[in-house]
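Counting in the numbering used here, the sequence shown runs from 9 upward without gaps.
So the structure is just underneath, and the comments pick up after that.
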Amino acid sequence: MKIILIHGMNQQQFNAAALKQYWLDILNQGIKSSKQGDQFKLDDLNMAFYADLLETYKLHNVLKSTRLLPQTWQFLNFNRPQTVLHDNPLHSTVCNPDFTQPTFNFSSHLSHYAYSLEDHILKDFTQLINHFPKLHGQLIHKFLIETYMYLANTDFNQKVHQRLYNCFDSQQQNLIIAHSLGTVIAYNFLRLNPQFKIHTLITLGSPLAFRVIQEKIIPPIQRPSNILGQWYNFYSAEDFLTAFPLQKAPFLFKPSIINQMIHTFDQRPHHIAGYLQHPDVIQCILNNR
9 MKIILIHGMN QQQFNAAALK QYWLDILNQG IKSSKQGDQF KLDDLNMAFY
59 ADLLETYKLH NVLKSTRLLP QTWQFLNFNR PQTVLHDNPL HSTVCNPDFT
109 QPTFNFSSHL SHYAYSLEDH ILKDFTQLIN HFPKLHGQLI HKFLIETYMY
159 LANTDFNQKV HQRLYNCFDS QQQNLIIAHS LGTVIAYNFL RLNPQFKIHT
209 LITLGSPLAF RVIQEKIIPP IQRPSNILGQ WYNFYSAEDF LTAFPLQKAP
259 FLFKPSIINQ MIHTFDQRPH HIAGYLQHPD VIQCILNNR
């Protein structure tokens with residue numbers, strides 16, 4: 009079985025090999041910590057890398073690297089200590105989060121409260137903006153350039169899909185692990201390419217629940233027919249970018265999407281490390297590989 013990884017936006021600091029190694033390190037560190045099974049090898053994974061395509065258009069995302077927020081949103085800059093999770097491929101080891109209930113001192117209590125407050129504000133904002141897809145689309149166009157290009161630029165969209173096409177094998181079943189924008193890309197690609205048989209689809213931190221996204225993906229919204237097994241969708245209680253599970257219309261599929269809420273990093277709730285190292289995500293991957 010081939011395991012296909014589809015990354016999210018804002019990965020321009022990597023190349024294909026470095027990002028694949030980064031995901032492998034994260035996943036194996038999570039497996040080691042949870043003691044759930046054998047670790048993966050580099051040859052087990054196939055990274056559908058497309059981050060470099062944005063540079064060919066001389067464009068870049070206008071985001072804070074730590075929270076996936078626009079640099080200009082100064083009103084959300086809380087005064088609190090920062091814990092660094094390296095995005096540098098030369099420092100790809102990521103500390104495994106403690107998914108049990110931690111013992112807080114006063115300083116960590118204060119820091120945790122500040123992050124939680126920010127998450128609540130951002131969740132309220134995203135739930136509100138979801139009712140105004142035109143305004144939501146304007147914000148995406150201004151700040152999330154990579155997402156806008158995929159949704160609105162046919163040439164960019166086709167080039168991204170070609171990167172995925174090169175990773176798949178029509179002669180065997182495939183396991184897809186997709187994160188963030190990668191989940192939108194995975195959905196569209198599967199609808200367009202029914203010849204590729206998908207054993208399992210695992211989506212992490214997916215924005216598919218947002219109306220502005222639903223208006224741009226391939227209609228009608230339905231379960232891709234080439235998913236032979238289950239579709240598992242993991243979303244974080246802390247992640248304002250994925251505030252909603254995929255369990256309401258238009259996602260009332262048969263068989264149903266298996267939604268599961270997990271907890272990720274307070275500091276960077278949408279980061280791939282918090283998802284890919286979570287014991288429930290690891291168990292799901294190991295059970296379906």
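Ideal Cβ positions, reconstructed from N, Cα and C, are used throughout, including at glycine.
Since the model is a prediction, treat every value here as computed from it, not as a measurement.
Residues in the same chain with beta-carbon distance under 6 Å from residue i, minus the five sequence neighbours each way, listed in chain order, please.
i	result
residue 237	207, 208
residue 280	187
residue 226	196, 199
residue 293	none
residue 92	Below a pLDDT of 50, predicted positions are generally treated as unreliable, and residue 92, at 39, falls in that range; the measurement from the model is reported next regardless. Here the set comprises nothing.
residue 252	217
residue 146	Below a pLDDT of 50, predicted positions are generally treated as unreliable, and residue 146, at 49, falls in that range; the measurement from the model is reported next regardless. Around residue 146: no qualifying Cβ.
residue 157	164
Round the Cβ separation of residue i and residue j to the nearest angstrom and send it over; I've been treating them as touching at under 8 Å.
i	j	result
residue 9	residue 182	7 Å
residue 61	residue 168	6 Å
residue 159	residue 224	4 Å
residue 290	residue 44	6 Å
residue 15	residue 190	5 Å
residue 17	residue 155	6 Å
Less than 9 Å separating the beta-carbons of residue i and residue j?
i	j	result
residue 216	residue 195	yes
residue 284	residue 34	yes
residue 198	residue 165	no
residue 24	residue 48	no
residue 222	residue 263	no
residue 185	residue 13	yes
residue 180	residue 205	yes
Taking 7 Å as the limit between beta carbons, can you name the residues of its chain near residue i, skipping five residues before and five after?
i	result
residue 19	27, 59
residue 213	187, 188, 243, 244, 247, 249, 250, 278, 283
residue 103	Only weak support exists for where residue 103 lies, its pLDDT of 44 falling under 50; the coordinates are left without a value.
residue 52	11
residue 203	178
residue 175	12, 54, 56
Considering only residues of the same chain and omitting the five flanking positions on each side of residue i, which have a CB-CB separation below 8 Å?
i	result
residue 261	230, 231, 239
residue 288	242, 268, 270
residue 228	258
Inset, instruction - Counting only runs of 4+ residues fully inside the stretch 202 to 245, write out the alpha helix (DSSP H) ranges in chain order. - result: 219 to 222
Legend entry - beta strand (DSSP E) runs wholly inside the stretch 162 to 194, at least 3 long, in chain order: 182 to 187
Legend entry - Whole beta strand (DSSP E) elements within the stretch 255 to 281, 3-residue minimum: 266 to 270
Legend entry - Whole runs of the beta strand (DSSP E) within the stretch 24 to 75, excluding any shorter than 3 residues: 53 to 56
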